[in-house]
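Below you'll find the structure, written out as structure tokens, and then a few comments.
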Amino acid sequence: MCTSISESSVVSGAGKGPGGWFPVTQATVGFDHATHSAAEHALLIDFANYDLGTDARVAVELDLASGRALVRQLEATIAAAEATGLRE
Amino acid sequence: MWNSYRTDSDLGITAEITTFEGGDGDEIHAYVVKPTGDGPFPGVVVIHHMPGWDEFYQEFCERLGRHGYGVIAPDLYCRFGHGTPDDVAAKVRSQGGVPDDTVVADCTAANKWLRSQSWCSGRIGIIGSCSGGRHATLVASKAPGFDALVDLWGGGVVAAADQATPTRPVAPIDLTDQLSCPILGIFGNDDQSPTPEQVDVHEAELAKHGKDFEFHRYDGAGHGFFYYHAPMYRQEQAMDGWAKIFDFFGRKLRSQS
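The listed protein sequences derive, respectively, from chains A and B. Numbering of the first sequence is given in our numbering, commencing with residue 3 and proceeding in unit increments. Numbering of the second sequence is given in our numbering, commencing with residue 114 and proceeding in unit increments.
Pasting the structure below:
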């Protein structure tokens, strides 16, 4: 890696990759060289289950502004969800 | 130099993926390119960049091969599994990157592999870009047996102590006194990693330790300006950079053989 900026966490959920839906076990957020987007660096977000193979991965590359907007959306949505009292 | 061959010369390469005994005795993949003929040819260890052991690097090796170098490019991510280069690179990223010690061990083994080939002259260079530039600098500072080093915009060669990670515990600049061969550095002045100021720091450290170094910096270029598959490509600067690589390797690996 060029930046060493990368954080991983255990997650529980499902993602849809090239082979269809699969259980997601790990989320990684990094900031490093983009693979596909035109930017030199990007937020690299992966939802993966490497026990199923390297291609069990849902990948997104975002610019920083998009990342901040996504954080706000997540926080707002989670707060609204918790306010409802509905179970997951 | 580009287009400097004769049209009646014995020009060709063989290229293949093979396995060899890498660091710790692990069998890992390598992309190997050899010029046509029996040699002797100088050898080059090529270190791929952060995005992985990818198609760009296969073609990078082939270009060196067409200019008369026997090349081995170890798959530094081989132990993490297989898939498309970006998928494998993502898995490596999720685990903090490939450990420096593994890179040094694999490149040391690659050097040994080259020396064992009947066609190899015994003069060995090492080259890498991006994280590979940093890795190449690290390897040439920790492992013996290299005669020339090319650092292409290696990010993280200059790093503060608080930027150390478990996989990257040491900044290569802190090993400058141990650098065992001449170094060619190629950089873009618009790069953010390394910045021109970091290149200055590296250059000053090389001078301080009396090392044989040549640094070239290009205006109008940033990071990765050789990458013709990406918007960062800068044709004029890239071709001049390649000319400098062939000139440097020619002087350090051929004329002294």
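Don't be surprised by glycine CBs; every beta carbon is placed ideally from N, CA and C.
Counted within 10 angstroms of its Cβ, other Cβ atoms place residue i as buried (16 or more) or exposed
i: residue 345 of chain B; result: buried
i: residue 70 of chain A; result: exposed
i: residue 321 of chain B; result: exposed
i: residue 119 of chain B; result: exposed
i: residue 262 of chain B; result: buried
i: residue 273 of chain B; result: exposed
i: residue 250 of chain B; result: buried
i: residue 125 of chain B; result: exposed
i: residue 366 of chain B; result: buried
i: residue 37 of chain A; result: buried
i: residue 90 of chain A; result: exposed
i: residue 248 of chain B; result: buried
i: residue 350 of chain B; result: buried
i: residue 115 of chain B; result: exposed
i: residue 177 of chain B; result: buried
Where residue i meets chain B, residues with beta-carbon distance less than 8 Å
i: residue 45 of chain A; result: Under the 8 Å cutoff, chain B gives no residues; its nearest Cβ is about 12 Å from residue 45 of chain A.
Residue i: contacting residues in chain A (beta-carbon distance under 9 Å)
i: residue 206 of chain B; result: 3, 8, 10, 30, 32, 34, 46 and 48
Through-space distance from residue j to residue i, alpha-carbon basis
i: residue 44 of chain A; j: residue 359 of chain B; result: 33 Å
i: residue 214 of chain B; j: residue 121 of chain B; result: 45 Å
i: residue 188 of chain B; j: residue 225 of chain B; result: 16 Å
i: residue 289 of chain B; j: residue 10 of chain A; result: 33 Å
i: residue 23 of chain A; j: residue 57 of chain A; result: 12 Å
i: residue 16 of chain A; j: residue 171 of chain B; result: 35 Å
i: residue 61 of chain A; j: residue 127 of chain B; result: 35 Å
i: residue 265 of chain B; j: residue 237 of chain B; result: 17 Å
i: residue 20 of chain A; j: residue 55 of chain A; result: 12 Å
i: residue 77 of chain A; j: residue 5 of chain A; result: 27 Å
i: residue 174 of chain B; j: residue 132 of chain B; result: 16 Å
i: residue 370 of chain B; j: residue 234 of chain B; result: In this predicted model, residue 370 of chain B has a pLDDT of only 47, less than 50, meaning its place in the structure is not dependable; the value taken from the coordinates is given anyway. Computed Cα separation, rounded: 7 Å.
i: residue 375 of chain B; j: residue 200 of chain B; result: Outside the displayed span of chain B (114 to 370) sits residue 375 of chain B, for which this structure offers no information.
i: residue 134 of chain B; j: residue 80 of chain A; result: 50 Å
i: residue 157 of chain B; j: residue 149 of chain B; result: 16 Å
Proximity test, Cβ basis, 8 Å: residue i and chain A
i: residue 243 of chain B; result: yes
i: residue 330 of chain B; result: no
i: residue 164 of chain B; result: yes
i: residue 336 of chain B; result: yes
i: residue 306 of chain B; result: yes
i: residue 212 of chain B; result: no
i: residue 171 of chain B; result: no
i: residue 333 of chain B; result: no
i: residue 278 of chain B; result: yes
i: residue 268 of chain B; result: yes
i: residue 209 of chain B; result: yes
is_contact[residue i, chain B] using C-beta, thresh 8 Å
i: residue 21 of chain A; result: no
i: residue 55 of chain A; result: yes
i: residue 86 of chain A; result: no
i: residue 37 of chain A; result: yes
Under 7 Å by beta carbon: chain B residues contacting residue i
i: residue 27 of chain A; result: Within chain B, no residue comes near residue 27 of chain A; the closest Cβ sits about 11 Å away, beyond 7 Å.
i: residue 65 of chain A; result: Per Cβ cutoff of 7 Å: no residues; residue 65 of chain A is ~14 Å from chain B at best.
i: residue 42 of chain A; result: 335, 336 and 345
i: residue 61 of chain A; result: 203
Residue i: contacting residues in chain A (beta-carbon distance under 8 Å)
i: residue 322 of chain B; result: Result: empty, since nearest Cβ-Cβ is about 25 Å, beyond 8 Å.
Amino acids of chain A, ordered along the chain, whose beta-carbon sits closer than 7 Å to that of residue i
i: residue 250 of chain B; result: Those do not exist, as residue 250 of chain B stays about 13 Å from chain A at its closest Cβ, beyond 7 Å.
i: residue 138 of chain B; result: None at all; the shortest Cβ gap to chain A is about 24 Å.
Along the segment 179-202 of chain B, what residues have a CB closer than 8 Å to any CB found in chain A?
-> 193, 194, 195, 196, 197, 199, 200, 201 and 202
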